[in-house]
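Numbered per our numbering, the sequence shown spans residues 1 to 475.
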Amino acid sequence: KGLRSLGAYRRALVSNGNFRGAFHYRTQKNQYEIRGHITSQDFFHHENGGLTASAMQNFIEENPNFEQRSRLDVNLSDAESQFDGSRVYLDHSYKLLSSKDSVNNKDFSNLKIGHVFTSETKSYQFIQGTNTTAIFGNSNATSATNKDAISKIFDNELNLEFNSKYVLGQFKAKINLTKYSYGYDTILNRNSNFINVKFDGNALSFGADWNVRLKKFKLNAAASLTPGASRLSGNFLRGEAIYQKDSLYTITGSLLLNSKSPNFNTLLHQSNYDNYNWENNFSNINTRDLGFAIDSKWLNGALNFTNIENYTYFDENNTPQQFGGQITYLKVKANREFRYWKLALDNTVMYQNVSSGSSVFRVPELVTRNTFYYADYWFKGKPMLVNIGATFKYFTKYKMNAYNPLLAEFTLQNTEEIGFPTVDVFFNAQVRRTRIYFKIDNVTSGFSSKNYFSAPNYPYRDMTIRFGLVWNWFI
1 KGLRSLGAYR RALVSNGNFR GAFHYRTQKN QYEIRGHITS QDFFHHENGG LTASAMQNFI
61 EENPNFEQRS RLDVNLSDAE SQFDGSRVYL DHSYKLLSSK DSVNNKDFSN LKIGHVFTSE
121 TKSYQFIQGT NTTAIFGNSN ATSATNKDAI SKIFDNELNL EFNSKYVLGQ FKAKINLTKY
181 SYGYDTILNR NSNFINVKFD GNALSFGADW NVRLKKFKLN AAASLTPGAS RLSGNFLRGE
241 AIYQKDSLYT ITGSLLLNSK SPNFNTLLHQ SNYDNYNWEN NFSNINTRDL GFAIDSKWLN
301 GALNFTNIEN YTYFDENNTP QQFGGQITYL KVKANREFRY WKLALDNTVM YQNVSSGSSV
361 FRVPELVTRN TFYYADYWFK GKPMLVNIGA TFKYFTKYKM NAYNPLLAEF TLQNTEEIGF
421 PTVDVFFNAQ VRRTRIYFKI DNVTSGFSSK NYFSAPNYPY RDMTIRFGLV WNWFI
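Structural data, given as structure tokens:
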């Protein structure tokens, strides 16, 4: 799969490619099973740093001389970024012992041994021919081509699975040995005081999964512990209880306890720009989440209470920081679709509130998505399914995080509040194995105020017409 898009603004080229291959094999009696996949992806971006101050003014004031967006000046004229990633995954298992249940005549795997191998490599590079010290600060070189930040993880998992009525379901115990490395090959900035340009090591973790079904109840649990002082040390616990009342409704309760290292980019970073070099030793981020959800023919809803300790972020100066307080976050989401004749109105509303830590953890208070559409089969014999409608989206104003292309991260900013509505119009059709898409994005941009931004200084798309065709050769 590939994509190449030039974009409407200067230096907005995006090009990426993705490859995925998979296989699956099992013996006739399911004694041995093996599956795996390999993926590769690359993302190349021209980085423009957003619009300049004068270009922003011309955009907001709708200066007719700049209706052609390529005339608007941008902050970066020769910057690029390159992200590459690859993954190899192999999972195979062998049944050591199995038995038949005399009542239900079902095959229970009493003991199955398995092995899972995972190898992941990722790299990111920011390339700039000429320094822009007015944006990124002082530099020790004339160009700002950063060396690749390379992340490598090799993981081997050995597991034993016991699947029997005697444990009410499926139980799996596992042990993982992980080798990791992240960083650079050499010191890039002579003004930095780096002790280490790379951190690596090994981590040993222990975990278990348990899945149970009791009449109308289902219980799912997963836990893992990585002891020691490595960068991967931490713990994870997730429990879920599900009650299903026939086809009327399903109620779910969940609990998550998680402790893990912050983003490696906040721990170690190098650049020719002096202000973008750091080596930190942050504490683990501790997350606790309590959730409830209901799915029914009347209403779908979800409620989450989240508490975060040691939240890590990039401040207004593009420097990684760790919040000393606690983040307390509430999220409520509801969905309901109303149908009449061949018409439907699908509504999704989400409310968010940060009662503690809102200075660093910022989200819009209200987000809504409403779709009104017509659905019917056309022509004799009903060969074509058609959907015609419009989607309204809106989120309330808040201090949206700014984007920093050098880091490929979002950072805090305190000058702009962004929140806006959009309306998209669509026509979709399906004929057997062929699907046709026709969509007009942000159709109201032609007569509404220019207040729509994906991030500060980065305008959201103007009215755009898109057409697509999907043809499935095999089903």
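Using N, Cα and C, we set each Cβ at its ideal position, and we do this for glycine too.
Small disclaimer: the values here were computed from a predicted structure and weren't measured.
Taking the beta strand (DSSP E) that residue i falls in, what are its first and last residues?
i	result
leucine 160	149-164
threonine 132	No beta strand (DSSP E) holds threonine 132; DSSP gives it neither H nor E.
methionine 350	343-356
glutamate 409	409-411
lysine 245	234-245
leucine 256	249-260
isoleucine 294	285-296
serine 454	453-455
threonine 415	Here threonine 415 belongs to no beta strand (DSSP E), and DSSP marks it neither H nor E.
glutamate 337	326-340
glutamate 309	300-309
glycine 468	464-471
proline 320	320-322
threonine 226	217-226
With DSSP as the reference, identify every bridge partner of residue i, one or two as the case may be.
i	result
leucine 385	Tyr377, Gln430
asparagine 18	Gln41
threonine 4	Here residue 4 turns out to be arginine, not threonine, going by the sequence shown. Looking at the DSSP assignment, arginine 4 forms a beta bridge with Ser15.
phenylalanine 171	Phe162, Trp210
leucine 96	According to DSSP, which records beta bridges pairwise, leucine 96 is partnered with nothing at all.
asparagine 65	According to DSSP, asparagine 65 bridges with nothing at all.
threonine 391	Thr371, Asp424
tyrosine 9	Tyrosine 9 pairs with nothing; no bridge assigned.
aspartate 91	Arg35, Val116
aspartate 84	Asp42, Ser123
valine 74	Leu51
Look at the Cβ atom of residue i, then the Cβ atom of residue j, and state whether they are nearer than 8 Å.
i	j	result
threonine 368	tyrosine 394	yes
tyrosine 313	valine 360	yes
valine 116	aspartate 148	no
leucine 111	leucine 160	yes
asparagine 138	aspartate 274	yes
phenylalanine 44	serine 70	no
leucine 72	phenylalanine 83	no
histidine 402	asparagine 387	Note that residue 402 is alanine in the sequence shown, not histidine. The answer is no: Cβ separation not under 8 Å.
tyrosine 25	tyrosine 94	no
valine 88	arginine 11	no
leucine 76	asparagine 30	no
threonine 178	aspartate 209	no
threonine 422	asparagine 442	yes
arginine 231	phenylalanine 194	no
serine 86	serine 54	no
asparagine 404	asparagine 318	yes
glycine 301	alanine 334	yes
serine 205	tyrosine 182	no
lysine 439	phenylalanine 426	yes
isoleucine 153	tyrosine 184	no
phenylalanine 136	tyrosine 276	yes
leucine 299	arginine 336	yes
glycine 207	alanine 223	yes
Just to confirm the assignment, what range does the alpha helix (DSSP H) spanning residue i have?
i	result
methionine 56	53-60
arginine 420	It is worth fixing the name first, because residue 420 is phenylalanine in this sequence and not arginine. It is not in any alpha helix (DSSP H) - phenylalanine 420 carries neither H nor E in the DSSP assignment.
phenylalanine 264	264-267
How should residue i be labelled, buried or exposed, when 16 other C-beta atoms within 10 angstroms of its C-beta is the threshold for buried?
i	result
serine 445	buried
tyrosine 329	buried
asparagine 272	buried
leucine 6	exposed
lysine 397	exposed
glycine 234	buried
tyrosine 9	buried
alanine 79	buried
asparagine 457	buried
glutamine 270	buried
threonine 186	exposed
leucine 469	exposed
asparagine 176	buried
proline 459	buried
tyrosine 166	exposed
phenylalanine 379	exposed
isoleucine 418	buried
glutamine 352	buried
serine 259	buried
serine 81	buried
isoleucine 465	exposed
serine 102	Caution applies to serine 102, whose pLDDT of 44 falls short of 50 and renders its modelled position unreliable; the value that the coordinates give is listed next. Under this definition serine 102 is an exposed residue.
tyrosine 377	exposed
Does any C-beta atom of chain B lie closer than 8 Å to the C-beta of residue i?
i	result
glutamate 279	The structure shown contains no chain B; it holds only a single protein chain.
**Message:** Quick test of the definition: if touching needs 3 or more C-beta pairs under 8 Å, does the segment 119-128 touch the segment 49-69?
**Reply:** Counting C-beta pairs with one atom in each stretch, the segment 119-128 and the segment 49-69 have fewer than three that are closer than 8 Å, which means they do not touch.
**Request:** Please confirm if the segment 216-228 is in contact with the segment 240-251, defined as three or more CB-CB distances below 8 Å between the two stretches.
**Result:** Two segments are said to touch when three or more pairs of C-beta atoms, one from each, lie closer than 8 Å; by this definition the segment 216-228 touches the segment 240-251.
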